[in-house]
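Trainee:
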Amino acid sequence: MSSILLVEDSPTQSLQMKLLLESAAHQVTCCDDGTIALEHLSSGTCELVVTDLELPMMNGLELIKKMQADFPDIPAVLVTGHGSERLAAEALRVGATGYVPKSLVNDMLLGTVEDVLGIVRSDRSYAELIDCTVENRLVFKLPNSPRLLVTAIDLTMQLAAGMQLLSGVDRYRVGNALRHAASNAIYRGNLELSRQQWQQMGGDDAPMDSDDPIVAERLASPRYQNRHVHYDARLMKDFVRVVIRDEGPGFDTKNALAAAESESLDENQGRGLVLIRNFMDKVSFNTAGNEITLVKHCIQS
400 MSSILLVEDS PTQSLQMKLL LESAAHQVTC CDDGTIALEH LSSGTCELVV TDLELPMMNG
460 LELIKKMQAD FPDIPAVLVT GHGSERLAAE ALRVGATGYV PKSLVNDMLL GTVEDVLGIV
520 RSDRSYAELI DCTVENRLVF KLPNSPRLLV TAIDLTMQLA AGMQLLSGVD RYRVGNALRH
580 AASNAIYRGN LELSRQQWQQ MGGDDAPMDS DDPIVAERLA SPRYQNRHVH YDARLMKDFV
640 RVVIRDEGPG FDTKNALAAA ESESLDENQG RGLVLIRNFM DKVSFNTAGN EITLVKHCIQ
700 S
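Here the numbering used here is used: the first residue of the sequence shown is 400, the next is one more, and so on.
(1) Can the beta-carbon of V493 be found less than 9 Å from the beta-carbon of L460?
(2) How many whole angstroms separate the CB atoms of A475 and V448, which I take to be in contact at a CB cut-off of 8 Å?
(3) Determine contact between the segment 560-580 and the segment 633-640, defined as no fewer than three beta-carbon pairs at a distance below 8 Å.
(4) Check for me: the alpha helix (DSSP H) holding N575 runs from which residue to which?
(5) Could you pull out every unbroken beta strand (DSSP E) segment of at least 3 residues lying fully inside the segment 417-472, listed in chain order?
(6) Tell me the start and end of each unbroken alpha helix (DSSP H) in the segment 492-565 that is at least 4 residues and wholly inside, in chain order.
(7) For A584, which residues of its own chain have a beta-carbon under 6 Å away from its beta-carbon, when the five flanking residues on both sides are left out?
(8) Please report how far the alpha carbon of I529 lies from the alpha carbon of N535, in whole angstroms.
(9) Helix, strand or coil: which one does DSSP assign to A487?
(10) Sorted by chain position, which residues of the same chain lie with C-beta nearer than 8 Å to L618's C-beta, five sequence neighbours on each side aside?
(11) Suppose you measure from the CA of L537 to the CA of T652; what does that come to, to the nearest Å?
(12) Taking L404 as part of the beta strand (DSSP E), name the residues at either end of that continuous run.
(13) Do V568 and M466 come within 9 Å of each other at the CB atom, strictly closer than that value?
(14) With a threshold of 8 Å on Cβ separation, who are the neighbours of Q426 within its own chain once the five nearest residues in sequence on each side are excluded?
(15) By how many angstroms is the C-alpha of A551 removed from the C-alpha of R640?
(16) Grouping DSSP H, G and I as helix and E and B as strand, with all else coil, what is T692?
(17) With contact counted as at least three CB pairs below 8 Å, one residue from each stretch, are the segment 571-584 and the segment 682-694 in contact?
(18) Classify V533 as buried or exposed, calling it buried when 16 or more other Cβ atoms lie within 10 Å of its own Cβ.
(19) Might you give, ordered along the chain, the residues of its own chain that have their beta carbon closer than 8 Å to the beta carbon of H696, omitting 5 neighbours on each side?
(20) Rounding to the nearest angstrom, what Cα-Cα distance links G588 and S566 in this structure?
(21) Taking the beta strand (DSSP E) that A632 belongs to, which residues open and close that run?
(22) Between which two residues does the beta strand (DSSP E) carrying F638 extend?
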């Protein structure tokens with residue numbers, strides 16, 4: 400059970416999200432404005448904030464900016480209405496960990512919250528040993544196993560936490576970006592799901608460990624089952640760099656980057672790359688289009 404602060408000024412929507420979060424055994428405290436939310440955060444009992452963008456006095460964007468300054472280790476998930484995509488993109492740039500369109504709250508909210516909390520929990524292990532680390536390199540050749548990829552990402556974030564390379568919120572944001580890149584490597588890369596098949600699974604919002612029949616079919620096929628995902632993470636005092644490469648045919652990165660530039664946060668297709676570009680300092684692809692390099696510059700202690 401986790402303690403979640405829900406900031407929403409609509410009583411109807413607040414109740415909807417509260418019941419949804421409580422159905423997953425979370426403890427939910429509600430308030431209707433960013434100024435009141437900051438008072439709750441001062442009590443020190445909140446693990447995660449879910450906030451609407453449009454609020455009466457201090458809106459969600461202003462709240463997230465204040466949280467970055469005063470409560471940098473508490474992540475925030477933004478809930479956005481139609482037409483507020485530009486402000487949502489700005490919120491991602493200034494510190495939001497993730498976002499959920501109001502039209503997809505029932506489908507996305509719990510999964511998004513669990514992803515963030517999973518990274519929070521991973522920070523609590525191995526702290527003393529990792530604190531002694533000066534430099535680290537993780538190189539894995541992984542089968543098409545979402546579970547193993549998530550474990551590799553969680554280990555990377557544990558190391559970043561112990562080495563004090565990233566703030567708490569940045570760890571959640573980088574972990575989120577890596578999960579989107581890893582999901583793309585497995586499903587769109589190694590398993591070669593078409594855009595339509597990917598959309599039917601949920602697209603960029605699909606769970607990492609999907610039980611979709613088309614995925615099971617591809618995993619059993621000799622053409623796809625022996626492909627691997629190559630994961631290379633380097634953690635230094637100045638940066639965290641992760642390279643993820645699949646063994647698929649690659650894709651047209653120019654079109655994907657152009658779509659991400661439009662920051663279409665309310666569209667399912669391409670939202671993962673929008674998040675990646677907002678959460679990382681540098682994103683690049685190889686010529687073949689089957690390898691992505693993600694770089695995050697580190698805070699200096």
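Think of the CB as a built atom: it goes at the ideal place given N, C-alpha and C, for glycine as much as any other residue.
If you're wondering where the values come from, they're calculated on a predicted model, not measured in any experiment.
Mentor: Taking the structure as given:
(1) Translated into the one-based positions of the sequence shown, residue 493 becomes position 94. Translated into the one-based positions of the sequence shown, residue 460 becomes position 61. The Cβ-Cβ distance between V493 and L460 falls below 9 Å.
(2) Mapped onto the sequence shown, residue 475 falls at position 76. Mapped onto the sequence shown, residue 448 falls at position 49. Distance from A475 to V448 at the Cβ level is roughly 4 Å; contact confirmed, criterion being Cβ atoms closer than 8 Å.
(3) Taking a cut-off of 8 Å on C-beta distances, the segment 560-580 touches the segment 633-640, as three or more cross pairs fall below it.
(4) Working through the sequence shown from its first residue, we reach residue 575 at position 176. Per DSSP, the unbroken alpha helix (DSSP H) holding N575 starts and ends at G567 to N583.
(5) Within the segment 417-472, the runs of beta strand (DSSP E) that reach at least 3 residues and sit entirely inside it are, in chain order, 426-430 and 447-451.
(6) Residue ranges of uninterrupted alpha helix (DSSP H) with 4 or more members, entirely inside the segment 492-565 and ordered along the chain, are 504-521, 526-529 and 545-561.
(7) As a first step, residue 584 is located in the sequence shown; it is residue number 185 there, counting from the start. Closer than 6 Å at Cβ, skipping near neighbours: V628, I643 and D645.
(8) As a first step, residue 529 must be located in the sequence shown, where it is residue number 130. As a first step, residue 535 must be located in the sequence shown, where it is residue number 136. Cα to Cα, the separation comes out at about 10 Å.
(9) Within the sequence shown, numbered from 1, the residue matching residue 487 stands at position 88. Reduced to three states, the DSSP call for A487 is helix.
(10) For this step, residue 618 is matched to residue 219 along the sequence shown. The answer, listed in chain order, is N543, L590 and Q624.
(11) What you label residue 537 is simply residue 138 of the sequence shown in a count that begins at 1. What you label residue 652 is simply residue 253 of the sequence shown in a count that begins at 1. If you take the alpha carbons of L537 and T652, they lie about 26 Å apart.
(12) Position 5 of the sequence shown, counted from the start, is the residue given in the question as residue 404. From DSSP, the beta strand (DSSP E) with L404 extends over S402 to V406.
(13) Numbered from 1 along the sequence shown, position 67 holds the residue referred to as residue 466. Numbered from 1 along the sequence shown, position 169 holds the residue referred to as residue 568. Yes, the pair counts as a contact, with Cβ atoms nearer than the cut-off.
(14) For the purposes of this step, residue 426 is identified with residue 27 of the sequence shown, where counting begins at 1. So the list reads M400, S401, S402 and I403, once near-sequence residues are dropped.
(15) Within the sequence shown, residue 640 is the residue found at index 241, counting from 1. Within the sequence shown, residue 551 is the residue found at index 152, counting from 1. C-alpha separation (whole angstroms): 14 Å.
(16) In the sequence shown, residue 692 corresponds to position 293, counting from 1. Looking at T692 - three-state DSSP - the assignment turns out to be strand.
(17) Contact between the segment 571-584 and the segment 682-694 is present, because at least three Cβ pairs lie under 8 Å.
(18) To locate residue 533, count along the sequence shown from 1; it is residue 134. An exposed status is given to V533, since fewer than 16 other beta-carbon atoms sit within 10 Å of its beta-carbon.
(19) Translated into positions along the sequence shown, residue 696 becomes position 297. Correct list, in chain order: D637, F638 and D680.
(20) Indexing the sequence shown from 1 puts residue 588 at position 189. Indexing the sequence shown from 1 puts residue 566 at position 167. Using only the alpha carbons, I get a separation of about 31 Å.
(21) Counted from its first residue, the sequence shown places residue 632 at position 233. Per DSSP, A632 belongs to the beta strand (DSSP E) from V628 to L634.
(22) Within the sequence shown, numbered from 1, the residue matching residue 638 stands at position 239. Boundaries of the beta strand (DSSP E) around F638: F638 to R644.
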